[in-house]
Structure formats: C-alpha cells, structure tokens
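Just so you know, the sequences run in chain order A and B. Heads up: the first sequence begins at 2 in the working numbering, then just goes up one per residue. Heads up: the second sequence begins at -2 in the working numbering, then just goes up one per residue. Report on the following structure.
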Amino acid sequence: DAKTTQPTSMDCAEGRAANLPCNHSTISGNEYVYWYRQIHSQGPQYIIHGLKNNETNEMASLIITEDRKSSTLILPHATLRDTAVYYCIGGSGGSNYKLTFGKGTLLTVNP
Amino acid sequence: GAVVSQHPSWVICKSGTSVKIECRSLDFQATTMFWYRQFPKQSLMLMATSNEGSKATYEQGVEKDKFLINHASLTLSTLTVTSAHPEDSSFYICSASPRTGVKKLFFGSGTQLSVL
C-alpha cells in the first residue's frame, strides 16, 4: 500500500465546499487513490477513486495532481451529515486487494 | 450500489463463550472478503483476508485459532471469536469486493462486540 498523509482534523461551515487534502508521494504508477469515509459507529462508505484523471460523482470530486503525489477530495456543499472521518488510501484495486486504513481526517461540518 | 450485510449489529456475551459474526454480499459474488477490527477512536485494523474455498490469510499478530474465519460460499464469510475475553471487545467490520467489474470495497455496517 502507498502510505498516505492527511491532516488529523478539519472544520467546514455547512453549505460551503469542504476540501480534504492527501499526500501520497510513494504511490506507484498502477495504484489508485481511494477515498472512503466512516460516520461514527458505522462501516466505511466508498466515496470515489481515481488513477490519473480527475473524477466526479454524485458525492464528491477528486482532484489528483499531475505528478500523482497528492490529491484533494472536494465535497461541494457540505452538510451536517458529512461529518465523518475521511480516509485516503492508495491501492491497486481488484477483488483480491486489501486496503490498509490510516488515521484519516475528522471532518466536522458546523452549522 | 452493492450491499454487504453484516449480522449481528451488536452482541454481548460472557467471557469464555464464542461468538459468530456473518458477512454476506447480497447482490454480488465475492471470492475475497476482509475482516477488520476497530477500537474506540482508532482506525480500522485489518485482521485477515477470507478466501472462498481456502484458508484465510491472517495479518501479523492476529491469532488464527482465536479468530476462526470460514468462507464457504461466494456470498458468505463468517468470523468466530472463540473463548472471548473482555479485551476482544471491539467493533468488527467486514468488507467485500465484487469478483468482476468495479475496483472498490463495500463494507458491512459492523458488529459491536462486548465481552463481559
């Protein structure tokens, strides 16, 4: 697994965009960048993943730098329900690949 | 999206008893499932990789005789905590990835185990 570095915590105002950074300078060329989040006392929830290109889905956008050493997860309009721990993970994907979770970023969305 | 069902959601047991946790992929087949453990205010720690039809692969430091894993079908894996002790109290989470197609894991809702 590519080791990732994230801030321990962040705050965001409700309705504003939340931008969560992640450094993954050791990621290899065939490793994806995955983002998951975990709301308290629940199982992690998949958000988005990408390889080289920026990605967008109904939940978030993922911006990956050209050198692939870092990325930013963007929640365009954060709500109180987006308060969770967000994990950035490097992985090769596939059904047999295990994901190793770091400490993640606790995002607190404030009213 | 794909659904992984985990049962039970919570269980309380006496010290010395065994507890079984089930993990089912409801709408896809998974040749591999993963079991994690999470202590309060800590991240998820991978315990073992469950392979359909073969023995599980355990991470370093995880006792295979204490945490028995069975993956009898492409949609079901079970984790049995044998002779449970209070220090085994934790949040256990399973995950699975579809055998084909998407490259991502889907997680169960977790099982909170409390050993008295």
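We treat Cβ as the ideally placed atom computed from N, Cα and C, and that holds for glycine.
Identify every residue that forms a DSSP beta bridge with B/VAL112.
B/CYS10
Could you spell out where the beta strand (DSSP E) holding B/PHE64 opens and where it closes?
64 to 70
List the residues of chain B that A/HIS50 touches, going by C-beta distances under 8 Å, in chain order.
LYS100 and LYS101
9 Å Cβ cutoff, B/TYR55 in contact with chain A:
no
Cα-Cα separation, B/ALA93 to B/VAL1
7 Å
Within the continuous beta strand (DSSP E) that includes A/THR73, where are the two ends?
71 to 76
Provide the residue(s) that pair with B/LYS17 in DSSP beta bridges, ordered along the chain.
B/THR77
So what's A/GLU32 in DSSP terms, helix, strand or just coil?
coil
Between B/SER92 and chain A, is the shortest Cβ-Cβ distance under 9 Å, so that the two count as touching?
yes
Establish whether the CB of B/LEU76 and some CB of chain A are separated by less than 9 Å.
no
C-beta neighbour in chain B for A/PRO22, strict 9 Å:
no
For A/ARG38, three-class secondary structure by DSSP:
strand
B/PHE31 versus chain A: which residues are under 9 Å apart at the beta carbon?
LYS99 and LEU100
Output, in sequence order along the chain, the residues in the segment 74 to 88 of chain A whose CB is closer than 9 Å to any CB in chain B.
VAL86 and TYR88
Check each candidate in A/LYS4, A/GLY30, A/ALA19 and A/GLN7 and name the one with the smallest Cα separation from A/THR109.
A/ALA19
From A/GLN7, A/GLU59 and A/CYS13, pick the residue whose C-alpha is nearest to that of A/PRO22; which is it?
A/GLN7
Rounded to whole angstroms, what is the Cα-Cα separation between B/SER51 and A/ALA61?
38 Å
Kindly give me the distance between the Cβ atoms of B/VAL78 and B/SER15, rounded to whole angstroms, as I take these residues to be in contact under 8 Å.
6 Å
Bridge partners of A/THR57, per DSSP?
A/SER62
Under the assumption that B/LEU76 contacts B/TRP7 (Cβ atoms under 8 Å), give the Cβ distance between them as a whole number of angstroms.
At roughly 15 Å, the Cβ-Cβ gap does not stay under 8 Å, so B/LEU76 and B/TRP7 are not in contact.
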